[in-house]
Structures are given as C-alpha cells and as structure tokens.
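Numbers in the working numbering are just positions in the sequence shown, counted from 1, shifted up by 10.
Just so it is clear, CB atoms sit at the ideal spot from N, CA and C, and this is done for glycine as well.
Because the structure is a prediction, the values reported are computed rather than measured.
Data block below; observations after.
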Amino acid sequence: MLRTTRRRRAATPASAIPSSAARSVVALLATAGLLLAGLGSGAVAADQASPTPTTGTSTGTAARATSGERAARLDVSPSVFVAGQLLTFSGRMPTSGVQNIRLQFHMGRPGDSWTDVERGRVGRTSRTGAFSFTFPAPAMLNVRWRVRSSSGTTPGVLMQARWQEILLEVDGGSDRVATGSTFTVVADTAPDIFQGPPPIPGRTVVLQQRVRGDEWRTVARDLVGSAGLARFQVTAPSRARTVAYRAVQRDWNEDGDRIGWFPSYPHLVDVVSSGAASRDDADPSTDASSTASTDAAEPSARATNAATPTASTRYRWAPSLFDFAWESGESLTSRPARGTRRQGGWLDTSDGTGRASKHNGGVELDTGWDNRGDAYGSHGTTTLTLSRNAQTYGRWEFRMRSQVEESGPGSQHTILMELVPATAGTACSATAITVAKVTATGGRLTVGSSSARADKAWTWTKRGVSRGTSPHNFAVEVGRDHVTWFYEGSPIATTKNQRAIPGVPLTPRISMVGVGQRRAPRTQAIYDWVRGFPIDHGSQVRRGHALRTRTLGTRC
Numbered sequence: 011m012l013r014t015t016r017r018r019r020a021a022t023p024a025s026a027i028p029s030s031a032a033r034s035v036v037a038l039l040a041t042a043g044l045l046l047a048g049l050g051s052g053a054v055a056a057d058q059a060s061p062t063p064t065t066g067t068s069t070g071t072a073a074r075a076t077s078g079e080r081a082a083r084l085d086v087s088p089s090v091f092v093a094g095q096l097l098t099f100s101g102r103m104p105t106s107g108v109q110n111i112r113l114q115f116h117m118g119r120p121g122d123s124w125t126d127v128e129r130g131r132v133g134r135t136s137r138t139g140a141f142s143f144t145f146p147a148p149a150m151l152n153v154r155w156r157v158r159s160s161s162g163t164t165p166g167v168l169m170q171a172r173w174q175e176i177l178l179e180v181d182g183g184s185d186r187v188a189t190g191s192t193f194t195v196v197a198d199t200a201p202d203i204f205q206g207p208p209p210i211p212g213r214t215v216v217l218q219q220r221v222r223g224d225e226w227r228t229v230a231r232d233l234v235g236s237a238g239l240a241r242f243q244v245t246a247p248s249r250a251r252t253v254a255y256r257a258v259q260r261d262w263n264e265d266g267d268r269i270g271w272f273p274s275y276p277h278l279v280d281v282v283s284s285g286a287a288s289r290d291d292a293d294p295s296t297d298a299s300s301t302a303s304t305d306a307a308e309p310s311a312r313a314t315n316a317a318t319p320t321a322s323t324r325y326r327w328a329p330s331l332f333d334f335a336w337e338s339g340e341s342l343t344s345r346p347a348r349g350t351r352r353q354g355g356w357l358d359t360s361d362g363t364g365r366a367s368k369h370n371g372g373v374e375l376d377t378g379w380d381n382r383g384d385a386y387g388s389h390g391t392t393t394l395t396l397s398r399n400a401q402t403y404g405r406w407e408f409r410m411r412s413q414v415e416e417s418g419p420g421s422q423h424t425i426l427m428e429l430v431p432a433t434a435g436t437a438c439s440a441t442a443i444t445v446a447k448v449t450a451t452g453g454r455l456t457v458g459s460s461s462a463r464a465d466k467a468w469t470w471t472k473r474g475v476s477r478g479t480s481p482h483n484f485a486v487e488v489g490r491d492h493v494t495w496f497y498e499g500s501p502i503a504t505t506k507n508q509r510a511i512p513g514v515p516l517t518p519r520i521s522m523v524g525v526g527q528r529r530a531p532r533t534q535a536i537y538d539w540v541r542g543f544p545i546d547h548g549s550q551v552r553r554g555h556a557l558r559t560r561t562l563g564t565r566c
C-alpha cells in the first residue's frame, strides 16, 4: 500500500511564479472547476436512507452516529490518496455479533440512493461488531461511502480522491535552449496546487519526445524522489526547431495499489542557435491574429443535470458490450470496468498543446496552453481512439460536459465524437460516422456520415441545443438498413441510405480539433463514460430528421 509522506512547500502567489508555471497553475485550477461543476448542486446531499445525517469526511476523522445510538463509526486511511490507492476501512457496526458486511456508495444527487459497490462484499465483523479491511479508492469526487450489514449501517464518509498531475519545466525557467546543448527537465508529480496528489517515491517516470507529428517516443527515465520530483538530462537537437516533451508516470501496482499511468501536458522547447538562445524569449511563431473571431454562443435550452435521459435506457439496449466509466485507478489503456466484452483500451495522440488524461470519474480532453513566455492560447488536435473492441453494427453512447477557459481571438476547438473504421488506427479517416460535432459554448449540434468511396457526406444540424458545464448525452445506432442519431435520449436524425452505412468494423474516437496550429481559447471536455451496445437488444429506431447530402471534398 502507498504510504504517503506528503511534503509541504510554502504557497507561492501566481505573480511570483515563472510564466509557464503560472499558466500551469491557472490551467489546473480551471480543470478543477469543470470537474466540480459536473457533480451538480446535490453532490453532498444528506443520507436519505439512514436516521442520521451522513457526517464526517475522509480526512482521518471518523464518521460517527448520533448520541442516541451505539457508537457506529467508520474511519478511512490514509487521509490523502489518489484513485486506485489501497485504503483501509475500519470501525464498528451499531450492534455486536458477527455480521456480513458490504460497502455502499451514494452519489449525492437528488433522487440517488445508497447502492452496493461492485465487488464490495468485504467479509465479516468480529464478535464485537468491529471490522477492518482494505479496498481500492474510488476516483469520483464528493461521493459518500459507508459499510452496511443486516443490523444497520455506519454513517457515510465523504471520499475526496486527489487527481494525478505532473508539471513539467526546464530547469532554470527558460524554454529556449541552444542547439546541441545539454539541459535538465524537471517533472513535479505532486504539485502543491488545488489539493495536489501525494508523492509516490520510487514510481517510474519517463520523459517522451513527440515524433511523427502526434506520437511519443521515450528518451529518458527516472524514479520519483521523496519530494515528488523526477529529473532528466536531455541533449538538444543539432538543428533549430521546436521540440515537444511530456512526462508520463508509469503504472503503480505495489502493495495492493492499482494506480494507472498518467501524462503531463506537452511542454514546448524552442531549440535555437547559440546566439539566439542567450537573448530574451521571443514570441512563438504561431500567430493568433491569423484566426477568426471567437465563436459566439447561440441561444440554448436550459442545461440538464446528471440525470439526463439516455437512449440506451429508453430503448433497452443493455447489457453493454463495454462501459468505460473510469471510476477507480484505471489509465487510458485499461480495459472497460463493465460489459460482456471487457477488452480494449484508448490510444492517445496530440500534435499541439493538448492532452488526453484520466481524471476523477472521467476522461478529459484538454487543449492545454502554450508554455512559452506569456503566449496566449492553445493549438493543435488531441484524440482518443478505442482499440480492440469494434463492431460493424451496434450502438454507442457518450456523456460529455465542456467549457472554455479563456477569452481571446481564435475559433474555438471543435469537440468531436465519431465512429471510425477500426483499420484506421489513430490516423485520420475520411470514412466516419459523426456522432456529435459541437463547440463548448455554441448552440449547434451536427451529426452525419461520410464515405471516401462514395465521395459524399450526409449531415444534419440541430440548433438551440443545451450547452454549458452540465453533462449531455449523445448516441448513435448503426443498423444494417439505417443509422439513427440521438441527443438526450431522443432520436434527432436518421438515414436509410446504404452508402452512408460504412459496413465495416467501427470504433469510437473522441477528439478536440483545432484549426491547424492556430491559437484558440483553451477548452476542456470531460467524458463521464463511453458505452457500446449490440444491435440485437431492445428497440431499433428509424425516425428523425433527414440528412442533407454534399460532396465530401476534403480528405485526409
């Protein structure tokens, strides 16, 4: 089990932090805001199933019953943890005697109730009703856990997992280095910002360099020290250019912990001639003025909450083939937690400032920021593509929320959910089904299909859709004779055109698409879950708006 020896560093005002690190702090605080916004106002609701309020937190203080009862209690340790870390639950039940016990959770939203944790039957108490057992930490924020037996329950404890993070910086603060020089890159795996994660001494961290446009190659490795830092000696290329690096904490599976790998944002380093490296940092070459104005938000409907209807429930698609919910210590490449076909994982690419990463109870695509100097904006495209779990006909559903984190010039990144041929791997595909194409603040939702063979695209756009930080549900059903698209559980468009049905194994891809490397406001999208279902369960739907046809034109 991970034993945390949390070191404390004096808090530093953002104005005193080097510019690239200050932008890191602001960016991570923005991520925190979106994660918390998705929990809804009812995230810390009282226990509706027991006679006492759910009091106490997972900060080392026990949750206790009120004075009129036997002192049922629940302690969770350690007090600072990340998802997947092995926790110790100890306490006692309201009555004595040997009892079978199980873990339960409560999401805290209006209408939620206490539910058994999967694989949460954890054993028996002693004759006095006391218990002590270990169980992996959940990923979600503001979720209450308790222990239940036939005789009663403990009070609930508020679980607040810290999310993993890495801040990357060139030692000395400058992101300009001379050709052929040796410099040091420092990775901080336990930054003291917004309840940062604990250090994990001995954990492997690798430094990767971006190659072939959007892939990563390992160039150095180190072990995390007691302060949470890893250091890498790097030799700059022999010719002037911009090089992107990222750090990745490898899987940590020691002493019962199951903590998945986690990447930093890309960090850009300008490699320049010796004379240029000695001068003050120049503005990066990416020109914000070359982009269009920021997208204006269209009038939208009232935002929905986490209980927004799903097509899979309404039309009885269950059971799922796969259900990626990222509720514990998984990484991007972990197999799905549920489903009848629990295989496959997600492959990430980034050709700009963005990253894909697992965050508390979801997966996040974030456009990041340009760390060089005080440069505004993010740029490039970031993708996640599911591998090894494709199907030719079936259903897929996504729950996503998003926000824009800064104002300024440049068109917003496009948030894209697609099905692409499994044979495409992580590469662009002109043949695809667009499950949803939106921006973070726009009021339009575009769906459709494209065929490279037919040189055609079929699309339909819904206007006035609800946006904002609340989650929304997008789904598609691909049958042998139709494709139907759904929004918030209802069908919105359909086609029976055989040329619009790919007829090949398809796999989900989620993307944050930039306009090349032009600057744009920083944008985040968090997916609470992604699910796949077979075509032969429940009701097939063949109604909705007709699609418009056009020539495909642009290809990969």
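### Query
Roughly how many angstroms lie between the CA atoms of Asp-122 and His-116, to the nearest whole one?
7 Å
### Query
Can you give the Cα-Cα distance for Pro-319 and Gly-499, rounded to whole angstroms?
5 Å
### Message
I want to know whether the segment 520 to 530 touches the segment 474 to 490 - three or more CB-CB distances under 8 Å.
### Response
no
### Task
Kindly examine the ligand MN and report whether one of its heavy atoms sits closer than 7 Å to the Cβ of Leu-394.
The ligand MN is not among the ligands present in this structure, which contains no ligands whatsoever.
#### Entry: For Ala-321, the first and last residue of its enclosing alpha helix (DSSP H)
321 to 324
### Query
Should Ser-549 and Tyr-325 be called a contact, given that it needs their Cβ atoms to be closer than 8 Å?
yes
### Query
In the DSSP assignment, what are the bridge partners of Pro-159?
In the sequence as presented, Pro is not what sits at residue 159; that position holds Ser. Gly-162.
### Message
Here's the rule: buried if 16 or more other CB atoms are within 10 angstroms of the residue's CB, otherwise exposed. What is Val-282?
### Response
buried
### Message
Our contact map puts Val-196 next to Arg-241 with C-beta atoms below 8 Å; I'd like the distance itself, whole angstroms only.
### Response
6 Å
### Task
Check whether the Cβ of Leu-455 lies closer than 8 Å to any Cβ atom in chain B.
The chain labelled as chain B is not found in the depicted structure, where only one protein chain is given.
### Query
DSSP state of Ala-230, grouped into three classes?
strand
### Own chain residues within Cβ distance below 6 Å of Tyr-275, not counting five before or after
Arg-365 and Gly-378
### Task
Kindly identify the DSSP beta-bridge partner or partners of Pro-431.
Leu-516
#### Entry: Assigned secondary structure, Ser-341 (DSSP; H/G/I helix, E/B strand, else coil)
coil
### Query
Which class does Gln-422 belong to by DSSP, given the choice of helix, strand or coil?
coil
### Task
Compare the beta carbon distance of Leu-84 and Thr-144 with 8 Å and say whether it is the shorter of the two.
no
### Task
Round the Cβ separation of Val-132 and Leu-151 to the nearest angstrom and send it over; I've been treating them as touching at under 8 Å.
That belief does not hold up - the Cβ atoms of Val-132 and Leu-151 are roughly 23 Å apart, past 8 Å.
### Task
Determine the direct distance from the alpha carbon of Arg-558 to that of Thr-350, and round the result to whole angstroms.
36 Å
### Task
Measuring alpha carbon to alpha carbon, tell me which of Arg-213, Leu-239 and Val-216 ends up nearest Asp-198.
Leu-239
#### Entry: C-beta contact flag for Thr-441 and Pro-512 at 8 Å
yes
### Query
For Arg-289, which residues from the same chain have a beta carbon less than 6 Å from its beta carbon, with the 5 sequence-adjacent residues on both sides left out?
A caution first: Arg-289 carries a pLDDT of 48, below 50, which makes its placement in the model unreliable, though a value can still be read off. Result list for Arg-289: empty, nothing under 6 Å.
### Message
Quick check on this structure: which residue in Gln-170, Trp-356 and Gln-534 has the alpha carbon closest to the alpha carbon of Thr-395?
### Response
Trp-356
#### Entry: Element boundaries [beta strand (DSSP E), containing Lys-368]
365 to 369
### Message
Can you look up Gln-413 in the DSSP assignment and give me helix, strand or coil?
### Response
strand
### Query
Looking only at DSSP bridge pairs, what is Trp-470 linked to?
Val-457
### Task
Inspect the beta-carbon positions of Thr-495 and Ala-335 and report whether they are closer than 8 Å.
Residue 495 is actually Trp in this sequence, not Thr. Contact flag unset, no.
### Query
For Gly-563, does the three-state DSSP call read helix, strand or coil?
coil
### Message
Among the candidates His-492, Thr-504 and Gly-489, whose CA atom is the shortest distance from the CA of Lys-472?
### Response
Thr-504
### Task
Assign Arg-529 to buried or exposed, taking buried as 16 or more other Cβ atoms, counted over all protein chains shown, within 10 Å of its Cβ.
buried
#### Entry: Sequence-distant residues of its chain with Cβ nearer than 6 Å to Arg-409 (five each side left out)
Pro-481, Asn-483, Asp-538 and Trp-539
### Message
DSSP has Met-169 in a bridge; who is on the other side?
### Response
Val-153
### Query
Going by beta carbon distance, what residues of the same chain come within less than 8 Å of Arg-249, once the five residues before and after it are set aside?
Thr-189 and Val-281
### Task
Within the same chain, show all residues whose beta-carbon is closer than 8 Å to that of Gln-422, passing over the 5 residues directly before and after it, in chain order.
Thr-304, Asp-305, Val-414, Thr-449, Ala-450, Thr-451, Gly-452, Ala-530, Pro-531 and Thr-533
#### Entry: Arg-509 (DSSP reduced to helix, strand or coil)
helix
### Query
So what does DSSP say about Ser-87, is it helix, strand or coil?
strand
### Message
Measuring alpha carbon to alpha carbon, tell me which residue in Arg-405, Ser-417 and Thr-393 is nearest Gly-387.
### Response
Ser-417
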